[in-house]
Amino acid sequence: VGLVYWENGFRNLTNNKRAVAKLEDLEGIKLRVMQNTVFLDSFKTLGANAIPLPFSELFSALETKAVDGQENPFNTILSSKFYEVQKYLTVTNHVYSPWIVTVSKKFWDTLTPAEKKVLMDAAVKSRDFERKDTRDEAAKALADLKGKGMQINELSAAEAGRMRDKLGAINTSIAANVGQDLWNETQGEVAKLRKK
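Just so we're aligned, residue 23 is where the sequence shown starts under the numbering used here, counting upward by one.
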């Protein structure tokens, strides 16, 4: 049973080749991505040489230049010390990384309504605290990364739009995989959020 979701922040790009200010700057960059088809297909479509690699091998792969770059939230970039082996950080905010807090349905179904309310209230309080803390820590991490010498640039809205447009074919395959109705509903919610 899903109670709330926490967040790990937005994912952003780092690499050792060049600042990524436009779509074409991704061309040929060996970019470590998570081991799933959406990330692989997306970054290949954007021109990067997407390489699936377990996170546990990432620092070593960056250090030995087996890959040129990676993408993760600011907090992960800082805590994993990627600034030691990466020069450029591009603020892309290309993927939001939530963490869903769940409990077993079998357990949930044994609780009284009052117990469920206590757990749900606690989950909501934890969500509010965690989201604020994560956002504060992300802002601090970005400043720390700059202080550690990373060259930071922000991808413009126009370039982000170009990348979204280029990913249209990927969106079609995702929609086919998850079902067109769910895809349409999700995209409707995304459109509402972008207007805010």
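In this text, a Cβ means the ideal position worked out from N, Cα and C, and glycines have one as well. Predicted model only: the values in this text are computed from it and were never measured.
Supposed close pair residue i, residue j - CB separation, criterion 8 Å
i: Leu68; j: Lys188; result: 6 Å
i: Val140; j: Leu25; result: The Cβ separation is near 12 Å, so there is no contact.
i: Leu177; j: Thr114; result: 5 Å
i: Trp28; j: Glu152; result: 4 Å
Assigned exposure category for residue i - 16 Cβ within 10 Å defines buried
i: Glu93; result: buried
i: Leu215; result: exposed
i: Tyr118; result: exposed
i: Phe104; result: buried
i: Ser82; result: exposed
i: Ala163; result: buried
i: Thr98; result: buried
i: Leu80; result: buried
i: Ala144; result: exposed
i: Leu100; result: buried
i: Leu204; result: exposed
i: Thr134; result: exposed
i: Thr59; result: exposed
i: Thr156; result: buried
i: Ala72; result: buried
Residue interval of the beta strand (DSSP E) (run including residue i)
i: Lys188; result: First-last for Lys188: Ala179 to Lys188, but that is the alpha helix (DSSP H), not the beta strand (DSSP E).
i: Val55; result: Lys52 to Val55
Within 7 Å, strictly: CB atoms of residue i and residue j
i: Ala41; j: Leu53; result: no
i: Arg33; j: Pro95; result: yes
i: Asp90; j: Asn37; result: yes
i: Val55; j: Leu84; result: no
i: Lys66; j: Glu181; result: no
i: Leu62; j: Leu111; result: no
i: Val125; j: Val23; result: yes
i: Ser64; j: Ile192; result: yes
N- and C-terminal bounds of the alpha helix (DSSP H) containing residue i
i: Asn5; result: Since the first residue shown for the chain is 23 and the last is 218, residue 5 is missing from the structure and cannot be characterised.
i: Glu176; result: First-last for Glu176: Gln173 to Glu176, but that is the beta strand (DSSP E), not the alpha helix (DSSP H).
i: Asp155; result: Pro135 to Gly169
i: Lys217; result: Gln202 to Lys217
i: Lys253; result: Outside the shown range of the chain, which is 23 to 218, sits residue 253, and nothing can be said about it.
Where are the beta strand (DSSP E) runs, 3 residues long or more, that stay fully inside the stretch 62-109, in chain order? Taking only runs of at least 3 residues, the beta strand (DSSP E) segments lying wholly in the stretch 62-109 are 71-74 and 91-94.
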